[in-house]
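Protein sequence lines correspond, in order, to chains S and D.
Going by the working numbering, the residue at position 77 of the first sequence is 1103; the numbering climbs one at a time, nothing skipped.
Going by the working numbering, the residue at position 19 of the second sequence is 509; the numbering climbs one at a time, nothing skipped.
For glycine and all other residues, C-beta sits at the position ideal for the given N, C-alpha and C.
Here the structure is laid out as structure tokens; the discussion comes afterwards.
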Amino acid sequence: MVKKIYLFHHRDAEYTEEETQDKNKLMTLQLPQNSPPGKKPENVVVTSHTTHHKPWKWYDYFTFNVDHKVIGIQYLVTAFAFYLIGGLMAVAMRTELATPDPDVLDPNLYNAFMTNHGTIMIFLWIVPSAIGGFGNYLVPLMIGARDMAFPKLNAIAFWLNPPAGLLLVASFFFGGSQSGWTAYPPLSLITAPIAQSLWILAIVLVGTSSILGSVNFVVTILKMKVPSMRWDQLPLFCWAILATSVLALVSTPVLASGLVLLLFDINFGTSFFKPDAGGNVVLYQHLFWFYSHPAVYLMILPVFGIMSEVIPVHSRKHIFGYKAIAYSSLAICVVGLFVWVHHMFTSGTPGWMRMFFTISTLLVAVPTGVKIFGWVATLWQGKIRYTSAMLFAIGLLSMFVLGGIGGVMLGTTPFDIHVHDSYYIVAHFHYVLFGGSVFGIYSGIYHWFPKMTGRMLNETWGRVHFALTFVGTHLTFFPMHELGLQGMPRRVAMYDPQFTAINQLCTYGAFLLAFSVIPFTINVITSWRKGEVAGDNPWNALTLEWTTASPPAVENWEELPVVTHGPYEYGLTDNHRADGFSELGVRG
Amino acid sequence: MQQVPVSLLTLVAGILVTLVSIWVGQHSASLLPVQASEQAPLVDRFFQILVGIGTALFLIVQGAIVLFMFQYRRRQDDDRDGTLIEGNFPLEIFWTAIPSIIVIGLGIYSVDVYTQMGGLSVGHHSMAEHAAAPVKGTALAGTLSETSDIEALTEEIPTNEVIPEPTSAEILPEEAPVEAPELAPISEPITLPVKTPIKTPVKKLVNVPQPGIGIGANPKVLGKSADLVVNVTGMQFAWIFNYPETDITSGELHVPVGADVQVNLAASDVIHSLWIPQFRLKQDAIPGQATGLRFKATRPGTYPIVCAELCGGYHGSMRSQVIVHTPEEYQEWLESNRVASAQTQQIVAALQNH
């Protein structure tokens, strides 16, 4: 009963004596985050040693460093470099597609760009930046830990990524892998075998990285939470990373096994997927999609986590339905493992299977919907500040609603049969992956850049960046729905002239999107060096990462913080004052 | 100043959203290509409903976002927080239940649509009926010699009604191939206006087992044999259409309007996918795995056949077309190609003899 009062009413009015004492004690603890060692308040349990590291120098970021914050930034910067490479490939493809004939690129090179664009964007941009970058940087800070559970493992996981990228780049000397990021045999068995093998090795490397990272996240979140943090005070980003990691642990080995079998088929004369030697090509598709459908959740769940952090801070509002959002991550994680055949509705799958996976696919939309509604309701009664981070978060909401509705339509076999492997699919997954994941990553960068660097990003340029990206995304991807409905297949270097006008629209959009990266990159580089100094908590946020310096000290805190309130309790304290109460807030 | 009650505004907004969604749903079919198969209207009606529901959801959620963005924007110099609201359990139950009901409803409806498209009856032996059926008129192979029957192709279905509809139990086990005696009379030479007499133009019996994957007979023709069987082979980067009843091989698919066509798909190198957007049908052609599509074209015309599965550098150029003929045109096409086919065979035979 006491707890309820504590949570839902203005604090000073309702404290019991014991709690008042508690509060005073806690308050003193909260203030001196980086005070000199002599001024320690009483009752502090110093859980770790107190030797002081010097702050990292720039060259430390190029070494095998075990600090989770360094690793996080290493992931983000590396991933962004690959994002630019993958983006240039997309620009080349859209240039080709400005005309129906294959007049700019050789069709095989086009396919190599198409394959590696997808591979890089998924495995070397979204996954490493969302999970590796934000996950590593934020999870220990959010749960009050000094580092990840296994720091060396963490560094190993990161350092598997650059060689993977180099393998992909190297594969272009052998023609480049040309069989799509799906690498369906028999095409992948007979096309550019050396490049395909390098591609497989690259994916196995990043897959291994993902598995190592996931183990680390699961153990860190389960075991290293600061003792004063209750499970229902765990930031939603951490719940999302936990769900993501479990999903990655279950599914990634299946992809690795499928790809290794493929590697054997290409190089060592086995015939797992060779139909003329008793192999089964559909088996590969099952192995592939058993991982690769969950992979789309690997790419969106951490971003949902970012959303759940950014929206409350910038709308000055408690997240609406904490438990619903946390559980829906876990529900997506479980149900998401049983929807993979919806990528195979026109493949070698019997009718009953298509029906089963239609229904499971439709069901997975429900927890996603719950999250969306929760975020929209968080805006309600808030005091929304239109920072760049918030613009991208709201942009994501808007994009994801479109992409999600398109996805529910796709989930039904009768409609999917028509649009499967058409540009409708391209439109859909760019809405959820670009409009969703990439917008979320941008939002996260604008939100946590001050913490990572100690400096603010320029907000004006941030808004320009948002406007260009928002318009560019719709211009590029919305018309693709119609292309697909009308009958244009995906993954083509040449197309029927009737589609020219719409394709040109998409190409202009892609150019705009490419251009939109320029103000962002310049903003990041200049702000990192000369931006306005941020201070510890520029957004006046409540999660633990904002209780330490910006950038945080090497071991994150002098003294570990004590959790005095939930991560989203805006409107409670003097600093976070509400202007009223609502009956809706009081439960039970 | 008194305000209009929120419930009234919500009601009006709800009515507007409903009307707009219904309107958008009804007009969404114009986004799709023309309908040229029996399945197309089924898919399109389903699409219209999906778009209608999707529009409603879109308007509600986007409307809420835009409304809140405006209404709850931070005012100048207001540094306070918003109201502390942690959630609302009944509301959360509500917005979990409503989408659940919608998607379960859509799931059930999509099973129904898919059944009507024939998706759940693949694998039934399409030729089983031949043994029992009178030769007349049921299979195209049986009617090729009789022009009058060809003309009656579109009105063919009523004759089929004479035959009692076999239950699935009767159809399934009948794997036994239909043997020659039943169809023997057909293999008489057909008199054609050409100088060279043609030997047995009907080479094979209609005895291709229907693949177990793809789209099968829809409920209307369940248990009946297809009027026309076409064996389709995908290869880098072309489609080959073979008519086993007449041994015609073509680079384009020719079908008579209204005929119940069974297309058997095979791939000789990599996976391809046969997509006819105007038919709303697609099925992968998979090496080592028989698949198929069964359809009835409803609108004469020429429509593209697209390869939808990445099959190599020139995947985008792997296109063909399906020509849906009137029965007369189809007969003409059939005869001209049969002559060509027979002549080729004669030349081959002549060459072999020498």
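6 Å CB neighbourhood of residue i in its chain, flanking five on each side removed
i       : result
D/R789  : A526
D/E636  : For D/E636, the predicted structure reports a pLDDT of 35, less than 50, and the residue's modelled location is therefore unreliable. A value from the coordinates is still provided. Cβ neighbours of D/E636 beyond the five flanking positions: none.
S/G1498 : G1535, L1538, L1539 and S1542
D/S489  : Lying outside 491 to 844, the shown extent of chain D, residue 489 of chain D is not represented and no answer is given.
D/A503  : none
S/F1546 : H1491
D/V603  : L532 and F536
S/N1529 : L1123
D/A674  : At D/A674 the pLDDT is 41, less than 50, meaning the model places this residue with poor confidence; the figure from the coordinates comes in the next sentence. Same-chain partners within the cutoff: there are none.
Selected residue, minimal CA-CA separation from residue i, among the options
i       : options                               : result
S/I1358 : S/H1344, S/R1380, S/T1278 and S/L1273 : S/L1273
S/Y1412 : S/R1342, S/R1481 and S/G1400          : S/R1342
D/M808  : D/I837, D/W765, D/L521 and D/T834     : D/W765
S/W1207 : S/P1189, S/M1147, S/S1240 and S/S1155 : S/M1147
S/A1567 : S/T1479, S/L1501, S/I1111 and S/H1473 : S/H1473
S/F1364 : S/L1428, S/S1277, S/H1444 and S/A1282 : S/S1277
S/T1270 : S/W1406, S/F1139 and S/V1361          : S/V1361
S/T1372 : D/R828, D/G553, D/D774 and D/G791     : D/D774
S/M1370 : S/G1488, S/W1315, S/V1241 and S/Q1530 : S/W1315
D/N827  : D/G782, D/G741, D/I592 and D/Y793     : D/G741
S/H1079 : S/E1595, S/T1246 and S/P1578          : S/P1578
S/F1399 : S/L1388, S/G1374 and S/I1345          : S/I1345
S/Y1136 : S/A1519, S/H1456 and S/R1256          : S/A1519
S/T1384 : D/G597, D/D534 and D/L574             : D/G597
Close beta carbons around residue i, own chain, < 8 Å, minus the five adjacent residues each side
i       : result
S/A1391 : G1430, G1433, V1434 and G1437
S/S1061 : Summary for S/S1061: the model assigns pLDDT 40, below 50, so the residue's position carries little reliability; its value from the coordinates is reported in the next sentence. The answer, listed in chain order, is E1584.
S/L1010 : Missing from the structure shown is residue 1010 of chain S; chain S here goes from 1027 to 1614 and no further.
D/P671  : Confidence at D/P671 is low in this model, with a pLDDT of 40, below 50, so the placement of that residue should be treated as unreliable; the coordinate-derived value is given next. Cβ within range, chain order: n/a, list empty.
Neighbouring residues, chain S, relative to residue i (Cβ below 7 Å)
i      : result
D/V551 : I1398, V1402 and V1427
D/K799 : Reading off the sequence shown, one finds Glu at residue 799 of chain D, where the question assumed Lys. Correct list: D1447.
D/H805 : R1517 and V1518
D/G702 : P1376
D/T586 : V1392 and V1396
Closer than 7 Å: residue i CB and nearest the ligand NAP heavy atom
i       : result
S/G1374 : Of the ligands one can find in the structure shown there are none, so the ligand NAP has no counterpart to examine.
Residue i: contacting residues in chain D (beta-carbon distance under 8 Å)
i       : result
S/A1391 : P589 and V593
S/Y1596 : D571, G572 and L574
S/R1380 : Y604 and G609
S/N1625 : Given that chain S is displayed from residue 1027 to residue 1614, the structure contains no residue 1625 of chain S and the question cannot be resolved.
Chain-ordered neighbours of residue i on chain S, where CB pairs are closer than 9 Å
i      : result
D/L506 : Near D/L506 there are no residues of chain S at all, since even the closest Cβ is about 18 Å away, more than 9 Å.
D/G802 : P1133, N1134, N1137, Q1204, S1205, L1213, I1216 and T1217
Within chain D, the residues that residue i reaches when beta carbons sit closer than 7 Å
i       : result
S/S1424 : Q552 and I555
S/R1342 : D571 and G572
S/T1590 : Near S/T1590 there are no residues of chain D at all, since even the closest Cβ is about 16 Å away, more than 7 Å.
S/I1420 : I555 and M559
Own chain, CB closer than 7 Å to residue i, minus 5 neighbours either side, in chain order
i       : result
D/H744  : I813, H815, Y820 and W823
D/L506  : none
S/F1418 : F1465, Y1468, S1469, Y1472 and F1492
S/V1153 : S1236, L1324 and M1325
S/S1283 : L1313
D/T834  : none
Contact list for residue i against chain S, beta-carbon separation under 8 Å
i      : result
D/V612 : P1376 and G1377
Three-pair Cβ contact test at 8 Å for the region 1504–1514 of chain S versus the region 1443–1457 of chain S: Remark: three or more beta-carbon pairs, one from each stretch, lie closer than 8 Å, so the region 1504–1514 of chain S and the region 1443–1457 of chain S are flagged as touching.
Contact between the region 542–554 of chain D and the region 507–526 of chain D (3+ Cβ pairs under 8 Å): Per the Cβ contact rule, the region 542–554 of chain D is in contact with the region 507–526 of chain D (3 or more Cβ pairs under 8 Å).
Sufficient close CB pairs (3 or more, under 8 Å) joining the region 547–562 of chain D to the region 819–835 of chain D: Contact annotation: the region 547–562 of chain D does not touch the region 819–835 of chain D, with fewer than three C-beta pairs closer than 8 Å.
Residues of the region 768–792 of chain D with Cβ closer than 7 Å to any Cβ of chain S, in chain order: Residues are counted here when their Cβ sits less than 7 Å from a Cβ of chain S; for the region 768–792 of chain D these are R770, L771, K772, Q773, D774, I776, P777, G778, Q779 and T781, given in chain order.
Where the region 521–534 of chain D meets chain S: residues whose CB sits under 8 Å from a CB there: Against chain S - using a Cβ distance shorter than 8 Å - the residues of the region 521–534 of chain D are L521, L522, P523, L532 and V533.
Sufficient close CB pairs (3 or more, under 8 Å) joining the region 1305–1318 of chain S to the region 776–792 of chain D: Yes, they touch.
Interfacial residues, the region 724–743 of chain D to chain C, with Cβ spacing under 8 Å: Going by chain labels, chain C is absent from the structure shown, which instead holds the protein chains S and D.
Proximal residues, the region 748–766 of chain D versus chain S, C-beta separation under 8 Å: Only those residues of the region 748–766 of chain D whose C-beta falls short of 8 Å from the nearest C-beta of chain S are listed: D759, V760, I761, S763 and W765.
Against chain D: residues of the region 1505–1538 of chain S by CB proximity under 9 Å: For the region 1505–1538 of chain S, which is checked against every Cβ of chain D, the residues closer than 9 Å are H1507, E1508, L1511, Q1512, G1513, M1514, P1515, R1516, R1517, V1518, A1519, M1520, Y1521 and D1522.
The region 746–760 of chain D in contact with the region 1238–1258 of chain S per 3-pair CB rule at 8 Å: Short answer: they don't touch.
Segment contact flag, the region 1387–1403 of chain S with the region 578–598 of chain D, C-beta cutoff 8 Å, min 3 pairs: Contact holds: three or more Cβ-Cβ distances are below 8 Å.
Three CB pairs or more closer than 8 Å across the region 790–803 of chain D and the region 724–742 of chain D: In this structure the region 790–803 of chain D touches the region 724–742 of chain D; the number of beta carbon pairs closer than 8 Å is three or more.
Members of the region 804–831 of chain D that neighbour chain S once the beta carbon cut-off is set at 8 Å: Cβ proximity to chain S below 8 Å picks out Y804, H805, G806, S807 and R809 from the region 804–831 of chain D.
Cβ pair count under 8 Å reaching 3, the region 1127–1144 of chain S against the region 1171–1188 of chain S: No, they do not touch.
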